[in-house]
Structures are given as structure tokens and as C-alpha cells.
Amino acid sequence: MTRPRVMARAFAPGKCILFGEHAVVYGHPAVAVAIDNGVEVSIEESDRWTLEGLPFDSARHPHISHILDEVFRYDGPSLRMEVNSGLFSSAGLGSSAALSNAIGAALHSHTKPGEPIDPVELARMSHSAEARAQQGRASPTDTATSALGGCVVVSGQRVEGTRHVFDATLTTPEGDREWSINVVDLPPDMEEAWLVIGFTGEASPTGKIVAGVAQRLKEEPMLEKEMDAIAKITHAGLTALSAGNLEAVGMAMDACHQKLRLLGVSSPSLEALVEAARPHALGA
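Below is the structure:
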């Protein structure tokens with residue numbers, strides 16, 4: 002008698018970084034929030050390995066392979082994996098991290114049915130998978146925010162006014178990195194604020210962009226001061242966020258974007274979106 006196939010399903014949200022993007026890779030703080038849209042993954046045993054109906058290619062999906070082979074050390078039957086994503090890919094919304102978290106949570110449910118997964122354990126495994134896919138450079142911001150939900154602060158040290166959850170470490174091409182993962186309880190009235198996300202339609206793969214910033218810092222060491230400036234802006238933005246001061250939050254978002262422009266992390270189409278949004282928003 003054929004054993005019935007059991008499907009496991011899991012959802013993980015995407016994220017949006019408010020302040021500190023890219024600087025967080027170098028140990029500076031970043032503040033991110035989980036968003037409603039995300040990635041849902043369903044898996045079930047099959048007679049062959051497939052992803053979205055196509056043969057699974059481990060070379061094209063190193064983060065999934067890492068979770069299967071090195072985290073779970075999965076040696077069970079072949080799996081059919083289906084992905085339903087509500088996130089734009091390579092758009093800064095953490096689609097890859099959400100996929101890693103959803104895959105990890107679904108595999109946990111499949112291999113340990115009825116046993117809830119620890120969000121910190123999920124964040125750790127997904128961070129290691131993302132690092133594998135990004136040439137060893139990956140901050141835990143995306144994976145931690147997606148796994149923990151809410152508002153997350155990632156920094157090279159513990160941040161005053163936040164609740165510490167766990168520490169993350171990673172050996173990168175630039176040396177060993179360590180981050181403190183913290184969460185912030187936002188004021189109730191912050192729920193009335195709307196976060197509008199625009200998409201230029203141009204893909205910006207995280208690994209490529211992070212490597213580009215690293216190369217620019219290597220060629221122009223003076224740009225390190227811009228990273229320090231982003232850190233100060235992020236602390237100011239976090240203070241404003243905790244106090245529910247939306248006007249100051251918007252100012253910090255504007256200031257961070259200006260610094261990212263100096264680091265080359267922008268494009269004409271992105272600048273067009275920013276300029277279109279600013280007359281109607283507190284910050285962009």
C-alpha cells in the first residue's frame with residue numbers, strides 16, 4: 002500500500018529597512034520592520050526533486066541546498082517544493098531571506114511534525130544559508146526580521162532601549178563579524194502609520210550590491226565616514242521611532258538615503274521614485 006503524501010506548509014514575511022541599510026554589514030546598526038507580504042512554501046514527498054515544477058538545481062539555489070544538506074542533513078525521500086511569493090525579487094524586501102525561513106520552517110514541520118520551531122533557531126539557520134548565497138557577506142537583518150517579526154534592530158553591539166534576543170556571528174572575506182539582534186516594542190499609535198513601498202522594476206541582487214559597496218570602500222577608504230554617519234542617523238531614527246515621532250522618523254529616512262547615494266547605492270529610476278514620494282510623505 003502506498004503511503005499517503007503529507008504536505009508541510011510555512012509562511013515567512015518580507016522586511017523593509019528603515020535606517021542603516023548596507024552599513025549593518027560592517028557592524029553598524031540597522032532598523033527593519035516585517036511587512037505583511039511574504040513567501041509561502043509547501044513541500045511534500047515525491048518521486049523526484051522539483052522546485053516550482055522544474056528539476057531542482059542546487060547550484061542555482063545554494064541557500065536552499067545549504068538548509069537541506071548542512072542544516073537538516075536531510076536524507077529522506079525526494080521533495081516537491083512549491084513557492085508562492087508576494088514579494089518582488091531583488092528589490093530590498095528580503096525575498097531570499099523569507100524564502101530561506103519558509104523553507105526552513107516547512108522542513109522542520111515535515112521532519113518534526115507537531116514540534117514548533119524556535120524563531121531564533123530559524124533565524125540562525127537562514128542567516129548561514131544567506132551567507133552561503135552571498136559570497137560570505139550577509140548581515141542577519143533580513144533573516145532575523147523575517148523570523149522574529151515586528152521591529153528589529155541589528156547592531157555590532159547591544160542597543161539601549163531595545164530587548165536583546167540573540168547574537169549572530171559570521172566569517173566574511175573582510176574578517177569576522179558579530180551582531181546583536183534586538184527587538185523594539187513600538188508605540189500603539191504607530192499602527193496608524195502607512196509604509197508605502199515602491200519598486201523600480203530593476204533587479205538589484207543583494208550579493209552584487211553588497212560586494213559593490215565593499216569594493217568602493219576598499220578603493221575609497223574616506224567613505225568609511227559615511228558609514229559612521231549612517232550609524233548616527235540610525236540611532237536618531239530609532240529614538241524617534243520608539244517615541245512615535247513620525248516626522249523625525251521621516252527625516253532620518255531621508256538622511257540615510259542621501260548617505261547611500263554617496264556610497265553608490267541608488268539609480269536614476271530609484272531617485273525618480275524618491276522625488277515623487279517626498280512631497281506626499283514624511284520621508285523616503
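The working numbering puts the first residue of the sequence shown at 2, with every later residue one more than the last.
We treat Cβ as the ideally placed atom computed from N, Cα and C, and that holds for glycine.
Helix, strand or coil for isoleucine 36, going by three-state DSSP, please let me know. strand
Under three-state DSSP, which class holds valine 154? strand
What I want to know is whether the C-beta of leucine 94 ends up closer than 8 Å to one or more non-hydrogen atoms of the ligand GDP. As far as ligands go, the structure on display features none, and thus does not contain the ligand GDP.
Give the straight-line distance between the Cα atoms of threonine 112 and glycine 199, rounded to the nearest whole angstrom. Using only the alpha carbons, I get a separation of about 38 Å.
6 Å Cβ shell around threonine 3 - same chain, five flanking residues per side excluded: Since pLDDT at threonine 3 reaches only 49, below the 50 mark, its modelled position is unreliable, and the value read off the structure follows with that caveat. Closer than 6 Å at Cβ, skipping near neighbours: no residue.
Contact check, glycine 28 vs glycine 157 under 8 Å by CB: the rounded distance? Contact flag correct, Cβ pair sits at about 3 Å.
Would alanine 253 and leucine 55 be called neighbours here (beta carbons separated by less than 9 Å)? No, they are not a contact pair.
Residues in the same chain with beta-carbon distance under 8 Å from valine 184, minus the five sequence neighbours each way, listed in chain order, please. Leu149, Gly151, Cys152, Val153, Val154, Thr163, Arg164, Val166
Closest to aspartate 70 by C-alpha separation, out of Ala24, Leu100, Ala256, Met126, would be which residue? Met126
Can you name the start and end residues of the beta strand (DSSP E) that isoleucine 198 belongs to? That residue, isoleucine 198, is in no beta strand (DSSP E); it is neither H nor E in DSSP.
Taking the alpha-carbon of glycine 21 as reference, which of Val121, Glu116, Asp229, Ala249 has the nearest alpha-carbon? Asp229
Contacts around alanine 33, its chain only, beta-carbon distance under 6 Å, and the 5 residues preceding and following it disregarded: Lys16, Ile18, Thr142, Thr146, Val153
Pull up the CB-CB distance for alanine 99 and leucine 88, whole angstroms please, since I reckon it's below 8 Å. 6 Å
Along the alpha helix (DSSP H) that carries histidine 29, what are the first and last residues, could you check? From DSSP, histidine 29 is part of no alpha helix (DSSP H); its letter is neither H nor E.
Through-space distance from threonine 51 to glycine 95, alpha-carbon basis: 23 Å
On the DSSP letters alone, give me the boundaries of the beta strand (DSSP E) that methionine 82 sits inside. 80 to 86
So within the segment 60 to 120, which uninterrupted beta strand (DSSP E) runs reach at least 3 residues, ignoring any that extend past its ends? 80 to 86
With a threshold of 16 other CB atoms inside 10 Å of the CB of leucine 196, please say whether the residue is buried or exposed. exposed
Hey, how far is the Cα of alanine 244 from the Cα of leucine 264? 30 Å
CB contact flag (glutamate 41, phenylalanine 12, <9 Å): yes
Tell me whether alanine 273 is buried or exposed, calling it buried when 16 or more other Cβ atoms sit within 10 Å of its Cβ. exposed
For a quick check, are the C-beta atoms of glycine 137 and leucine 171 less than 9 Å apart? Taking 9 Å as the cut-off, the beta carbon of glycine 137 is found closer than this to the beta carbon of leucine 171.
From what residue to what residue does the beta strand (DSSP E) around glycine 176 run? 176 to 185
Which listed residue (Val250, Met223, Lys226) has its alpha carbon closest to that of histidine 236: Val250
Assign glutamine 216 to buried or exposed, taking buried as 16 or more other Cβ atoms, counted over all protein chains shown, within 10 Å of its Cβ. Answer is exposed; the Cβ neighbour count stays below 16.
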